[in-house]
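The structure appears right after this line, and notes come after that.
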Amino acid sequence: MKTAVVILNWNTEGFLKDLLPGLLKSVEAVEGAEVIVADNASTDGSLKVMKELFPEVRTIVFEKNFGFTGGYNRAFDQIDSDLFVLINSDIEVTDGWLEPLIEWMKGHPECGACAPKLHSYQEREKFEYAGAAGGYLDRYGYPFCRGRVLKRLETDKGQYDSPADVMWATGACLMVRSEVYRKLGGLDDRFFAHMEEIDLCWRMQLEGYRVCIVPESTVYHIGGGTLPASSPFKLYLNFRNNLMMLENNLARTFALGYMNAGMSPEKAAGKGWRKAIRRIRFRKCLDLMSAAVYLATLRTDCFRSVMKAHRDSASLIVRTDKEAVADYLRNRNAKVRGIYRKWIILESILKGEKIFGSIREKDFYNF
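Following our numbering, the residues of the sequence shown are numbered contiguously, the last one being 367.
This is how it looks when you write it as structure tokens:
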């Protein structure tokens, strides 16, 4: 299978110098695979590095920064390949990381996307925040991972060494089937960056595809290469995009669950749509509570980020109606995995380090 491993770069010349050689070496022995760098109008020395140190690598140059979503969508429009790999410039790969992912996709045509385990570059035996061993969502749309709950990280002791279906896999290193990516219209351009891969994986499941973790592959993530965790802009994107993601997918997911339980498509659509409205309203209330905490603790930049996220999402969201949900349900054979029945924030506070061992299969919805 032709495989394009694509770095979307923006002002990370240091990572290109340090980590691109290892990536190139790991890919050169894989038949049909190539590395491509797409540059989002970097203003540092990234393009000079590519020209002088890596002239053999195909480089796609954009005239402006289209973000993670727009950059990858435009890059993949110019690439003919069976499989796309989205990979951050701050990822250190291991020998043989790519082959298990390709073999998994060959053997599982119903899989739309798969990913390796993600470890911390700094603490090599620990999972990394951005994706760990695959992600879930809780009942209110808060993401967490196998191996990462909130800011708490597990050491990898082999507890997730069996292939698994997950709700989402990290865009830091994600293999997608090109035909599925194009069928779904790629990443949602409105997101710009952050949570776009969760939305994509969710949409894949709604179309009947699986999202899987392939633990035979492991890569290491530095993290914060483009936006640091403390960035108010990153906080803004996360709050804004979470609301858009829920609006994109939640009504269809609830309705799908009702239909799979035996309800007619029309009745399931109405009930799922109403439940999604209530759930999103409650999530907005939780966001406002977070904003109040930021204000009370004098983190005014964070407070403004949350409030702006809510204002801006209102103008960007495309509302879903009952008729659209009913149309989706007709002749639909799909299942959404990985939505937790509980509120992960409260569970984490109550259970502390025991949170990882407390998450059971029965604690997830069956949509």
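Just so you know, even glycine gets a beta-carbon here, dropped at the ideal spot from N, CA and C.
{"Check": "Which of helix, strand or coil does DSSP assign to His194?", "Outcome": "coil"}
{"Check": "Does Pro21 pass the burial test, meaning 16 or more other C-beta atoms within 10 Å, or should it be called exposed?", "Outcome": "exposed"}
{"Check": "Gln205: buried (16+ other C-beta within 10 angstroms of its C-beta) or exposed?", "Outcome": "buried"}
{"Check": "DSSP three-state call for Thr170: helix, strand or coil?", "Outcome": "coil"}
{"Check": "If we count the other Cβ atoms within 10 Å of its Cβ and call it buried at 16 or more, is Gly208 buried or exposed?", "Outcome": "exposed"}
{"Check": "What residues are listed by DSSP as bridge partners for Asn9?", "Outcome": "Asp39"}
{"Check": "Which residue's Cα is closest to the Cα of Asp156: Ser120, Asp165, Val293, Trp168?", "Outcome": "Ser120"}
{"Check": "Reducing DSSP to helix, strand and coil, say where Tyr121 ends up.", "Outcome": "coil"}
{"Check": "Could you say if the stretch 71-91 and the stretch 14-34 meet the contact criterion of at least three C-beta pairs nearer than 8 angstroms?", "Outcome": "yes"}
{"Check": "According to DSSP, is Tyr140 helix, strand or coil?", "Outcome": "coil"}
{"Check": "Return the chain-ordered ranges of every beta strand (DSSP E) run that is complete within the stretch 27-107 and spans a minimum of 3 residues.", "Outcome": "33-39, 58-61, 83-87"}
{"Check": "Is Met289 helix, strand or coil when you go by DSSP?", "Outcome": "helix"}
{"Check": "Would you grab the beta carbon distance between Ala133 and Cys145 for me? Rounded to a whole angstrom, and I think it's under 8 angstroms.", "Outcome": "7 angstroms"}
{"Check": "I'd like to confirm the pairing. Which residues does DSSP put opposite Ala4 in its beta bridges?", "Outcome": "Glu34, Phe84"}
{"Check": "Looking at Phe364: is its Cβ nearer than 9 angstroms to the Cβ of Val149?", "Outcome": "no"}
{"Check": "Leaving out the 5 sequence neighbours to the left and right, which residues in its chain are closer than 6 angstroms to Phe282 when beta-carbon positions are compared?", "Outcome": "none"}
{"Check": "Can you have a look at Ala29 and say buried or exposed, based on whether 16 or more other CB atoms are within 10 angstroms of its CB?", "Outcome": "exposed"}
{"Check": "With a 10 Å radius around its C-beta and 16 neighbouring C-beta atoms as the bar for buried, classify Gly186 as buried or exposed.", "Outcome": "buried"}
{"Check": "Go ahead and label Ser230 buried or exposed: buried means 16 or more other beta carbons lie within 10 angstroms of its beta carbon, across all protein chains shown.", "Outcome": "exposed"}
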